[in-house]
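Heads up: the sequence shown begins at 1 in UniProt numbering, then just goes up one per residue.
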Amino acid sequence: MITVFVIGTGNLGTQLCSTLETAVDSQVKLVGYTNQSGSKLSEINAPLFKENWPPCDLYIIAVPDDAIQEVSQVIPQDQAVAHTSGSVPMNALARQEQHGVLYIPQTFTKYRRAALEEVTVCLESNSADIDEKLRLVAGTLSRKRTHINSTQRQQLHLAAVYMNNFVNHCYLKSAEILKNADLDQDLLNELMAETLTNAQSTTAHEAQTGPARRGDQKTIERHLKQLKQEDKAMYLAISESIKRTYEDEL
């Protein structure tokens, strides 16, 4: 059994606290958490600490990237520490003798709790001791884990931005177009589901369709006339990227 203290209760930190506390037959015990606001999480029984953090086996820093090093400065050098960022190198915690990374490639929102059981938790560590601690935490969160280095993790995070953040933004733009046309967003729900199924069952390269894929410039021009000026650049940029990808196949 190891004890864990979570620093930061944003979307990710809150889910970490909740999952660690409610896990059945876990080898990890949440002994407390802290946050900048000093607000207690209503769904968490573990105590909120505003200062004088308790001793524990592992401190998990779940704060914005630009605050990670600052937070690490107040943790004793002989304590094991891990951050949860996808883009910050592990050596940002080099001040601590034992340091590592616990990166979960999943999207977290305040509206719903994400399912983590099938998410591959990505670990990095500078010693066997903290690696074992991170393995125990990862095993409490998910059935899957792997080890990657900082460079690989940064590339994974970049890929995740394309797959999650950019796709979600395109979904937003699609919803705006439907709303302006007095159309129900549900009209495209099955299309969205099929798009994801195709990309996972074959490859995204093979699954690509649409006017840019087939070189249909007339349809592209019609679409541009329908779009607001501020949305044309994004449509053009994505269309040009698709055309370049398949230019030898047109």
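Note that beta-carbon positions come from the ideal geometry of N, C-alpha and C, so glycine has one too. Fair warning: this is a prediction, and the values are worked out from it, not measured in the lab.
Quick check on DSSP: helix, strand or coil for residue i?
| i | result |
| --- | --- |
| Lys179 | helix |
| Gln98 | strand |
| Leu41 | coil |
| Ala115 | coil |
| Val63 | coil |
| Ala82 | strand |
| Arg145 | strand |
| Thr34 | strand |
| Phe49 | coil |
| Gln228 | Note that residue 228 is Lys in the sequence shown, not Gln. If DSSP states are grouped into helix, strand and coil, Lys228 belongs with coil. |
| Phe108 | coil |
Residue i: buried (16+ other C-beta within 10 angstroms of its C-beta) or exposed?
| i | result |
| --- | --- |
| Gly210 | exposed |
| Gln98 | buried |
| Asp57 | buried |
| Val4 | buried |
| Asn180 | exposed |
| Thr203 | exposed |
| Glu221 | exposed |
| Asn168 | exposed |
| residue 257 | Residue 257 cannot be examined here, being either before or after the span of the chain that is shown, 1 to 250. |
| Ala175 | exposed |
| Thr219 | exposed |
For residue i and residue j, I'd like the C-alpha separation in whole angstroms.
| i | j | result |
| --- | --- | --- |
| Gly32 | Ile68 | 19 Å |
| Tyr162 | Tyr246 | 19 Å |
| Asn164 | Cys170 | 10 Å |
| Asp65 | Ser241 | 30 Å |
| Leu20 | Ile130 | 18 Å |
| Glu117 | Val137 | 13 Å |
| Asp216 | Asn198 | 22 Å |
| His147 | Glu124 | 6 Å |
| Gln152 | Leu158 | 10 Å |
| Phe49 | Lys110 | 22 Å |
| Gln154 | Ala160 | 10 Å |
According to the Cβ coordinates, are residue i and residue j closer than 8 Å?
| i | j | result |
| --- | --- | --- |
| Gln106 | Ala94 | no |
| Arg145 | Arg135 | yes |
| residue 253 | Val121 | There is no way to answer for residue 253, as the model of the chain reaches only from 1 to 250. |
| Gln77 | Gln96 | yes |
| Ile60 | Leu16 | yes |
| Ser150 | Pro54 | no |
| Asn11 | Phe108 | yes |
| Thr9 | Leu41 | yes |
| Asn126 | Gly100 | yes |
| Asp248 | Lys173 | no |
| Leu187 | Leu178 | yes |
CB-CB under 7 Å to residue i, same chain, minus the five flanking residues each way: which ones, in chain order?
| i | result |
| --- | --- |
| Tyr235 | His223, Leu224, Leu227 |
| Met1 | Gln27, Lys29 |
For residue i, which residues of its own chain have a beta-carbon under 6 Å away from its beta-carbon, when the five flanking residues on both sides are left out?
| i | result |
| --- | --- |
| Gly13 | Val6, Ala62 |
| Thr34 | Ile7, Phe49 |
| Ala92 | Ile68, Gln69 |
| Gln185 | Ala175, Leu178 |
Is residue i near the ligand MN - that is, is its Cβ less than 7 Å away from at least one heavy atom of it?
| i | result |
| --- | --- |
| Asp184 | As for the ligand MN, it is missing from this structure, which has no ligand bound. |
In its own chain, which residues sit with a C-beta less than 8 Å from the C-beta of residue i, not counting the 5 before and 5 after it?
| i | result |
| --- | --- |
| Thr140 | Thr19, Leu20, Ala23, Ser26, Gln27, Val28 |
| Leu156 | Gly86, Tyr103, Pro105, Cys122, Ile148 |
Counting only beta-carbon atoms, is residue i nearer than 8 Å to chain B?
| i | result |
| --- | --- |
| Leu141 | Protein chain content of the structure displayed is limited to a single chain, and chain B is not contained in it. |
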